[in-house]
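Enquirer:
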Amino acid sequence: MNAQPRPKFVYVVYIVSTPEKVFAALTDEKTSAQYWSGNRVVSDWKIGSPFALKLKPGMHDVVGKVLAFDPPRRLAYTFHPHHDGLEREGPSRVAFEIEPLAGQVRLTVTHDEFPAGSASFKQVSKGWPHVLSSLKSLLETGHGMVAPWYKEAETA
Amino acid sequence: MIDVAKFKPKTVYVTYIASTPQKIWDALTQAAFTSQFFFGRTIEIEPKVGGSFVLRMPDGRVDVKGEVVAFDPPQRLAVTWTVDWNEQMRELPACLVTYEIAQAGEAVRLTMTEAHQWDVPDDLLAGGRMGWPVILSSLKSVLETGKPLSVKMEPPKEMIAALERLKKKA
Chain P
1 MNAQPRPKFV YVVYIVSTPE KVFAALTDEK TSAQYWSGNR VVSDWKIGSP
51 FALKLKPGMH DVVGKVLAFD PPRRLAYTFH PHHDGLEREG PSRVAFEIEP
101 LAGQVRLTVT HDEFPAGSAS FKQVSKGWPH VLSSLKSLLE TGHGMVAPWY
151 KEAETA
Chain W
157 MIDVAKFKPK TVYVTYIAST PQKIWDALTQ AAFTSQFFFG RTIEIEPKVG
207 GSFVLRMPDG RVDVKGEVVA FDPPQRLAVT WTVDWNEQMR ELPACLVTYE
257 IAQAGEAVRL TMTEAHQWDV PDDLLAGGRM GWPVILSSLK SVLETGKPLS
307 VKMEPPKEMI AALERLKKKA
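Line by line, the protein sequences give chains P and W. With my numbering applied, the first sequence corresponds to residues 1 to 156, in that order. With my numbering applied, the second sequence corresponds to residues 157 to 326, in that order.
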């Protein structure tokens, strides 16, 4: 009955940057808005403290709590979307691993521990490649990108 | 002609690039570009379905060879893919690598899908799962900044071990 493996999303991206800059971008509210289509990460980053992803005005938040904060190598928080009816699902978990490689950084994002039958898995699988592509652009060129689905939401 | 329906996606990588579909198409299909971001490999591709496809290493050896399955510039490129540098890998059923390029707002979405026609063990997928993020991150950097990454990489240990097991079985 329980044979179906629980879904897990893993994404690896290589960025011309330093671990410190990548870690700062993942944890700084103002910087996050520049690559996360205007969304902001908000927390005091103490273990067990609340984490929120403040979505654009008119949209609801993602909430969670801080699980790991080891600058500049590892960050993790629980991830509980409160939009599109997803608040009925329990939280999942996202972890960031940052490894230095001669003037570059390998960033590995693992999003797992989704509740059974999770609908948020599909959403985050679509969302992370854009967020992390935009983060790479911001750190390498100074310009982030806005996801097309946010544009659609704005004009709707 | 191969039966594309037999191939099941095993590794998918999506990246968004601040560029145009035509520039991404050119980067994927022109040797002067691939030598920058594809671990120094140069592409040789006949621009038609059924044409030949080769990725050549900097020392001239063939790394990958295959056949063009889809050639729709600047949207869709698909090639069969047989790794040629290793005797065991050369004997494996070919996989299918597809690139899909689509405008997504101000940026362009590039989707790479590696699909297989047999129940390939995860250990043999490790090479692609390690390599594609490097290759496609470097492609994005080349198009956005003009400079590739310089990540050195060896084939993953679990893949080499799986190939040794295949050798013993043969």
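From the three backbone atoms N, C-alpha and C, an ideal C-beta is built for every residue, glycine too. Everything numeric in this text was worked out from a predicted model, so none of it was measured.
Short of 8 Å Cβ to Cβ, which residues in the stretch 122-141 of chain P face chain W?
Expert: Hits within the stretch, in order: 129, 130, 133, 134, 136, 137, 140, 141.
Enquirer: Label residue 199 (chain W) either buried or exposed according to how many other C-beta atoms from any shown protein chain fall within 10 Å of its C-beta, with 16 as the threshold for buried.
Expert: Burial call: buried.
Enquirer: Under 8 Å Cβ to Cβ from residue 133 (chain P), same chain only, skipping five residues before and after it: list those, please.
Expert: Contacts found: 13, 145.
Enquirer: Taking the alpha-carbon of residue 191 (chain W) as reference, which of W:318, W:298, W:325 has the nearest alpha-carbon?
Expert: Nearest of W:318, W:298, W:325 to residue 191 (chain W), Cα basis: W:298.
Enquirer: Could you have a look at residue 15 (chain P) and say whether DSSP puts it in helix, strand or coil?
Expert: Looking at residue 15 (chain P) - three-state DSSP - the assignment turns out to be strand.
Enquirer: Taking only runs of the beta strand (DSSP E) that begin and end inside the stretch 216-275 of chain W, which ones reach a length of at least 3 residues, in chain order?
Expert: Listed in chain order, the complete beta strand (DSSP E) runs (minimum 3 residues) inside the stretch 216-275 of chain W are 218-228, 232-239, 251-260, 263-272.
Enquirer: For the alpha helix (DSSP H) holding residue 321 (chain W), just list the boundary residues, first then last.
Expert: Start and end: 313-325.
Enquirer: Rounded to a whole number of angstroms, what is the C-alpha to C-alpha distance between residue 1 (chain P) and residue 97 (chain P)?
Expert: At residue 1 (chain P) the pLDDT is 45, less than 50, meaning the model places this residue with poor confidence and gives no usable figure here.
Enquirer: Which residue wins for smallest C-alpha separation from residue 127 (chain P), given the options P:101, P:31, P:39, P:16?
Expert: Among P:101, P:31, P:39, P:16, the Cα nearest to that of residue 127 (chain P) belongs to P:39.
Enquirer: By Cβ distance below 6 Å, which residues in the same chain neighbour residue 156 (chain P) in space, the five residues on each side in sequence not counted?
Expert: Caution is warranted here: a pLDDT of 49 is assigned to residue 156 (chain P), below 50, making its placement in the model unreliable, and no coordinate value can be reported.
Enquirer: Using only alpha-carbon positions, find the residue among P:89, P:66, P:57 that is nearest to residue 95 (chain P).
Expert: Per the Cα distances, P:66.
Enquirer: Since residue 49 (chain P) is in the alpha helix (DSSP H), which residue starts that stretch and which ends it?
Expert: First-last for residue 49 (chain P): undefined, no H or E at that position.
Enquirer: How about residue 86 (chain P) and residue 120 (chain P): are their beta carbons less than 7 Å apart?
Expert: Yes, the pair counts as a contact, with Cβ atoms nearer than the cut-off.
Enquirer: Check whether the Cβ of residue 183 (chain W) lies closer than 7 Å to any Cβ atom in chain P.
Expert: So, not an interface residue.
Enquirer: Give the DSSP bridge partners of residue 92 (chain P), in chain order.
Expert: In DSSP, residue 92 (chain P) forms a bridge with P:79.
Enquirer: Please decide whether residue 236 (chain W) counts as near chain P, where near means a Cβ-Cβ distance under 7 Å.
Expert: With 7 Å as the cut-off, residue 236 (chain W) does not count as an interface residue toward chain P.
Enquirer: What span of residues does the beta strand (DSSP E) with residue 70 (chain P) cover, start to end?
Expert: Looking at the DSSP string, the run of the beta strand (DSSP E) that includes residue 70 (chain P) is 62-70.
Enquirer: Against residue 145 (chain P), what residues of chain W qualify as contacts under a CB-to-CB distance less than 7 Å, listed in chain order?
Expert: Within 7 Å Cβ-Cβ: 172, 174, 262, 263.
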